[in-house]
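In the working numbering, the protein residues as written are 126 to 274.
To keep things clear, I will list the structure first and then write my remarks on it.
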Amino acid sequence: MKNLVYLLDPETALFRVVQLVGAVSIKPISDLLGCEVTQMVRFDESHWLFVDEEALRPGLTAFTIFDGYPQPLGGKIVLSGNDRSESYHSPSIDIGTAAGHFQCCRPVLDPVFSAPDDVQPKGLTLAGALVDLKVRIESRPPMLVNGSA
């Protein structure tokens with residue numbers, strides 16, 4: 126059996142199959158995530174998610190919402206299989222089915238311009254002047270990538 130995992134990058138919303146060199150274990154998964162402290166989140170009875178424990182920090186530019194999980198997940202996410210033993214293996218779930226459980230999110234700034242008849246407390250504002258930036262969260266499903274990274 127190939128040593129495969131699924132890797133989701135919330136920055137790009139790309140979800141791909143990655144072949145690991147050697148066994149599916151914590152060290153190569155942590156290397157994929159680019160982190161030192163790895164948190165495990167149960168995906169279902171046969172799978173685990175691995176995430177960077179310290180990825181939710183100031184300056185976050187993207188994150189992932191996982192169905193049924195109470196908080197956003199920061200950084201990349203690795204999905205692997207686990208049959209309740211101590212070893213991990215390739216996922217048994219289809220990558221497309223797994224993708225349906227995630228939403229990749231990012232903050233978006235929308236400029237707000239003044240209208241021609243806007244009057245501010247200090248006087249008239251020029252029409253079309255930038256008066257504010259509104260923040261919203263854009264959510265999109267992962268995009269599947271064929272091949273391995």
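Using N, Cα and C, we set each Cβ at its ideal position, and we do this for glycine too.
All figures in this text were calculated on a predicted structure; none of them were measured in a lab.
query	result
Could you tell me the alpha carbon to alpha carbon distance between L132 and F140, rounded to whole angstroms?	6 Å
Quick check on P236: buried or exposed, where buried means 16 or more other Cβ atoms within 10 Å of its Cβ?	exposed
What did DSSP end up calling L185 once you bin it into helix, strand or coil?	coil
From L145 to K259, what distance separates their C-alpha atoms?	42 Å
Would you be able to state if there are at least three C-beta pairs under 8 Å between the stretch 218-231 and the stretch 146-166?	no
Assuming P135 contacts C229 (C-beta within less than 8 Å), just tell me the rounded distance between them.	5 Å
Assuming S215 contacts V149 under a Cβ cut-off of 8 Å, what Cβ separation, rounded to an integer in Å, is found between them?	7 Å
Grouping DSSP H, G and I as helix and E and B as strand, with all else coil, what is P153?	helix
Classify T222 as helix, strand or coil using the three-state DSSP reduction.	helix
Cβ of I220 within 8 Å of Cβ of L185?	no
Is L132 helix, strand or coil when you go by DSSP?	strand
From what residue to what residue does the beta strand (DSSP E) around E102 run?	What the structure shows of the chain is the stretch from 126 to 274, and residue 102 is not part of that stretch, so it cannot be assessed.
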